[in-house]
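Chemist: Starting off with a structure, shown below.
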Amino acid sequence: MEKQYCRVGTVTPLTSGRQAITLLEYQYQNFMDKASREYADTRLSEFFEQKALKIKRTLENLMQ
């Protein structure tokens, strides 16, 4: 078995075009679902809502 090395702090770019938009839409919906159902009225819910809002802003920028 060969050794595998991980680069800490590296960023994998999103796929381009329509695939990126589809992925971000899925992530947005997933975070909103978690915020509203699983963790309602908790600080974790606020965290998921903030993540969803960041993704929504990114989506809006991609759509322009």
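In numbering that gives the first Met the number 0, the protein residues as written are 0 to 63. Cβ coordinates follow ideal geometry from the N, Cα and C atoms, glycine included.
1) Taking the alpha-carbon positions, what's the Q28 to A51 distance?
2) From this set, E45, F47, L23, which residue's C-alpha is nearest K55's C-alpha?
3) Rounded to whole angstroms, what is the Cα-Cα separation between F46 and A34?
4) Tell me the DSSP secondary structure of E1 in three-state form.
5) Apart from the five residues just before and just after E48, which ones in its own chain have a Cβ nearer than 8 Å to its Cβ?
Modeler: Looking at the coordinates:
1) Going by the C-alpha atoms only, they are around 8 Å apart.
2) Per the C-alpha coordinates, the member of E45, F47, L23 positioned closest to K55 is L23.
3) Whole-angstrom Cα-Cα distance: 8 Å.
4) Secondary structure of E1 (DSSP, three-state): coil.
5) The residues are F30, M31, A34.
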